[in-house]
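In our numbering, the protein residues as written are 1463 to 1759.
Note that beta-carbon positions come from the ideal geometry of N, C-alpha and C, so glycine has one too.
To keep things clear, I will list the structure first and then write my remarks on it.
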């Protein structure tokens, strides 16, 4: 027979408090025979008599007194547990597991977590940095922070900031090899390849107006680390596709120059994504708001 333990505990505590089958029935809005049957089923399952019945009142047996003492304690613990879990929606606390990409996670997310930890000392943060694709639910992360298209359309997400991509190269490289005039000119240039996840390496898609051109580029240098390929471009080794967030300061200083200005790669907007919007814990909501506010400050 199936039964709900917490419901049975609450039933017996009420019966002991009312000390009457009829009073218990009125409280539960059921008939006295239904109360009698429920009590009999409980006693049959336990194999002991819990109460002594009279025509008007019930009194607890020694086994009933023991059952009542444990039932009251267990129900108190259940209420305390539920209140503690529910309170996490109001006050940020508990473990928060975050995944971010290697370079951005190291240079930007980690310092933000340092500031977040000072504001919310009751939140324990674990940061894992990876560039590989991940499954938030299977790997038990609360949040993922990624540039570009979302890895899974089933996830909920919030766009943190817009982030354009450019093709760029150092003045020294452009002086030696010239500047490409069309996307197809890239085939005769040295291009630096950033190998990310399982993306097709060396395939660049460039859009001008409503037209998108796909170009296969090649070069002698490639890496899965964004900072490495960026430094190679600064050293004059070739043309690189890189996001505005990464190269803005070098474009402003002139150490890098945008090439094919009329053609734009797909943007690399920054998203924070998470398994669900429903019943989102306060620690998750607090970090998302903190991340957005910090990057827009």
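For residue i, which three-state DSSP category applies?
{"i": "residue 1561", "result": "strand"}
{"i": "residue 1532", "result": "helix"}
{"i": "residue 1736", "result": "strand"}
{"i": "residue 1618", "result": "strand"}
{"i": "residue 1727", "result": "strand"}
{"i": "residue 1512", "result": "coil"}
{"i": "residue 1749", "result": "helix"}
{"i": "residue 1705", "result": "strand"}
{"i": "residue 1596", "result": "coil"}
{"i": "residue 1588", "result": "strand"}
{"i": "residue 1721", "result": "strand"}
{"i": "residue 1641", "result": "coil"}
{"i": "residue 1676", "result": "strand"}
Of the choices the options, whose alpha-carbon is the least far from that of residue i?
{"i": "residue 1585", "options": "1751, 1633, 1555, 1516", "result": "1555"}
{"i": "residue 1736", "options": "1536, 1600, 1577", "result": "1600"}
{"i": "residue 1758", "options": "1734, 1622, 1722, 1699", "result": "1622"}
{"i": "residue 1594", "options": "1468, 1657, 1716", "result": "1657"}
{"i": "residue 1484", "options": "1560, 1648, 1637, 1515", "result": "1515"}
{"i": "residue 1603", "options": "1632, 1559, 1619", "result": "1559"}
{"i": "residue 1671", "options": "1725, 1663, 1467", "result": "1725"}
{"i": "residue 1649", "options": "1528, 1667, 1679", "result": "1679"}
{"i": "residue 1609", "options": "1730, 1591, 1478", "result": "1730"}
{"i": "residue 1557", "options": "1722, 1583, 1505, 1617", "result": "1583"}
{"i": "residue 1481", "options": "1503, 1520, 1510, 1751", "result": "1520"}
{"i": "residue 1698", "options": "1528, 1540, 1630", "result": "1630"}
For residue i, count neighbouring C-beta atoms within 10 Å of its own C-beta (all shown protein chains included) and say buried if the count is 16 or more, exposed if not.
{"i": "residue 1576", "result": "exposed"}
{"i": "residue 1532", "result": "exposed"}
{"i": "residue 1552", "result": "exposed"}
{"i": "residue 1561", "result": "buried"}
{"i": "residue 1493", "result": "exposed"}
{"i": "residue 1500", "result": "buried"}
{"i": "residue 1682", "result": "exposed"}
{"i": "residue 1745", "result": "buried"}
{"i": "residue 1640", "result": "exposed"}
{"i": "residue 1538", "result": "exposed"}
{"i": "residue 1734", "result": "buried"}
{"i": "residue 1692", "result": "buried"}
{"i": "residue 1700", "result": "buried"}
{"i": "residue 1486", "result": "buried"}
{"i": "residue 1703", "result": "buried"}
{"i": "residue 1478", "result": "buried"}
{"i": "residue 1530", "result": "buried"}
{"i": "residue 1547", "result": "exposed"}
{"i": "residue 1497", "result": "buried"}
Can you tell me the Cβ-Cβ gap for residue i and residue j, rounded? I've got them flagged as a contact below 8 Å.
{"i": "residue 1574", "j": "residue 1685", "result": "The Cβ separation is near 25 Å, so there is no contact."}
{"i": "residue 1696", "j": "residue 1632", "result": "6 Å"}
{"i": "residue 1474", "j": "residue 1512", "result": "7 Å"}
{"i": "residue 1598", "j": "residue 1617", "result": "7 Å"}
(message) Check whether the segment 1625-1642 and the segment 1705-1716 are in contact - that is, three or more C-beta pairs closer than 8 Å.
(response) yes
(request) Assess, as a yes-or-no matter, whether the segment 1672-1681 is touched by the segment 1641-1648 under the definition of 3 or more beta carbon pairs within less than 8 Å. (result) yes
(request) Check whether the segment 1523-1533 touches the segment 1562-1574, counting contact only when three or more Cβ pairs, one atom from each stretch, lie closer than 8 Å. (result) no
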